[in-house]
Amino acid sequence: MLILHTAERYAPVAGGVEEVVKQISTRLARRGHEVHVATSFGISNRRHEIIDGVQVHRFDVKTEVSFGASGEVDEYLRFVRSKAWDVIAMHFLPAWSTTALLPNLNELESGKVLVGHGFRGFHFPSYRNRIAAITQYLKNLDRIVTLSNLLEETLLCKQLGLPMPDVIPNGVDFNEWNRPIRQIREKKGIGNRPWLLLVSNHSPVKSHSTFFHVVHRVRRKIPDSVGMIIGGCYPAAKWGMGRLGVQGGCWYRCRLAASLTSDVLLQWEVPREDVVSAIREADIIMLTSEYEASPLVVIESMAAGTPWLSLDVGCMREHVGGVVANNAVEMAEVAVDLIRNPGRRRSLGAQGIHRARERHCWEFIVNQYEALYHRLIEE
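Going by the numbering used here, the letters in the sequence shown line up with residues 148 to 526, in that order.
What follows is the structure in structure tokens.
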């Protein structure tokens, strides 16, 4: 098959959607398919390169407020029209690479798929007019894929009278979780202290302030416990300040908060191998985000056998191996109980491993995407 995946960003940029697109693209390329990814410039400034068998094409596009974009959008559209793709799969509805292509779907003979990854803009009143303009084009798609029927794609399909979406969850590479422990506890001076770990970049929707609050409440009852955030910063988008080295999101607030307390340690530019080991070594993986779809770090904690603790976001109630809390106060109470009850942690960890192996192996998930693409071609 000749396959095109579109995404706002791609490897070597790290992130949830980026990792999903990379895993699907790389594994389909290994199976002999010709896979291309159309994306924007990020860490790499190469306009075209081959990464693990995947042909990556980058365009100089800047994202603007309310799903707009500027730059090489026309060049991107000409590239999409330049090949007779068997399948075009667009990842994430609000991404510029999706919204630029949706109005042009009728020109394309390819099988057309949208992989939604949730759609938090659906809930924001300021975006509703733009959303209405975008969603009218969804009727020109051949398939919509959602990570869970609890996410927004299912609601959109019901409202628009479209067929229910195909459900294909996110995955994990189990080869990563069988490697030797890298002794992160010892390296970071944590030792045997109870360890609460949050892994995410410093985006405001990750609500790192809630994590500081939860750890502070936990330390009132278990003083030797420690919190840690592993996550990078990113250039500020507003007024192009990122070009001047100004960081965006909650980076500066977290740096200030961490300097005023011993509750939480900040780590950034951490090698992937150390992140994996930290997830395996921690006592609890935390998720304090205001919005998520199906976060990879929770599936990874399931594969690691480490219990997770999350607010009620996305499809978290579908996952096992952890606890969903209603608010920060309840989250702190559950964390204290889990720290004091190692048997409960082991039981949750075992449930997570079983579910991850049953539903979230990347090879099994790519089988589902490959079968979907073949059905589109046959139709």
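For every residue, glycine included, the Cβ atom is placed at its ideal position computed from N, Cα and C.
- The residue from D199, T186, V470 with its alpha-carbon nearest to that of T246 is T186.
- Looking at Y381, G374, E420, G378, the one whose alpha-carbon comes closest to that of T408 is G374.
- One alpha carbon belongs to A176, the other to D199, and they sit about 8 Å apart.
- With a minimum length of 3 residues, the unbroken runs of beta strand (DSSP E) contained wholly in the segment 402-448 fall at 411-414, 431-434.
- Three or more Cβ pairs closer than 8 Å define a contact, and the segment 335-345 meets that threshold against the segment 427-442.
- Between the C-alpha atoms of F511 and K368 there is a straight-line separation of about 43 Å.
- Taking the Cα positions, D371 is about 11 Å away from H363.
- Between the beta-carbon of I150 and that of H195 there is about 17 Å, and that puts the pair past the 8 Å contact cut.
- In this structure, V208 keeps its C-beta atom at 8 Å or more from the C-beta atom of V184.
- DSSP, reduced to helix, strand and coil, places H360 within a helical segment of the structure shown.
- In the DSSP assignment, the residues bridged to H183 are L151, Q202.
- With a cut-off of 8 Å on Cβ pairs, the segment 436-449 is not in contact with the segment 397-408, counting fewer than three such pairs.
- DSSP places C304 within a helical segment (H, G or I) once states are collapsed to three.
- Linking P418 to Q283 through their CA atoms gives a straight-line distance of about 42 Å.
- Check the Cα spacing between G378 and each of T357, S350, V393, F359: the tightest is with S350.
- For N473, the number of other beta carbons within 10 angstroms of its own is below 16, and it is reported as exposed.
- According to DSSP, residue pairing for V319 in a beta bridge involves C508.
- Under the three-state reduction of DSSP output, A247 falls in the coil class, being neither helix nor strand.
- For A236 and N488, the gap between their C-alpha atoms comes out near 45 Å.
- N325 and R225 have their C-alpha atoms spaced approximately 44 Å apart.
- Apart from sequence neighbours up to five positions away, the residues of its chain that approach S257 with a beta-carbon distance below 7 Å are W232, D233, V234, I235, ordered along the chain.
- For D221 and R193, the gap between their C-alpha atoms comes out near 19 Å.
- Measuring C-alpha to C-alpha distances from W243 to each of T153, R493, E300 identifies T153 as the nearest.
- When C-alpha distances from F239 are compared across V164, S217, K169, the shortest belongs to V164.
- The alpha carbon of D421 has as its nearest neighbour, out of N253, E323, L307, the alpha carbon of E323.
- In this structure, DSSP gives Q330 a state outside helix and strand, which the three-state scheme calls coil.
- Sequence-distant Cβ neighbours of S457 in its own chain, meaning closer than 6 Å and more than five residues away, are L434, M463, V471.
- Exposure of Q306 is indicated by the presence of fewer than 16 other C-beta atoms within 10 angstroms of its C-beta.
- For K169, the uninterrupted alpha helix (DSSP H) run begins and ends at 163-177, by DSSP.
- When rounded, the separation of the alpha-carbon atoms in C508 and G469 is 19 Å.
- Contact between G392 and Y381 is ruled out by a C-beta separation of about 12 Å, above the 8 Å threshold.
- In terms of Cβ geometry, G318 and L294 do not form a close pair [threshold 8 Å].
- For H238, DSSP records a beta bridge to V262.
- The beta carbon of D484 sits closer than 8 Å to those of R491, all from its chain and outside the five residues before and after it, given in chain order.
- If you ignore the 5 residues before and after P159, its C-beta comes within less than 7 Å of the C-beta of I190, S191, all in its own chain and listed in chain order.
- When DSSP states are grouped into helix, strand and coil, R156 belongs to the coil group.
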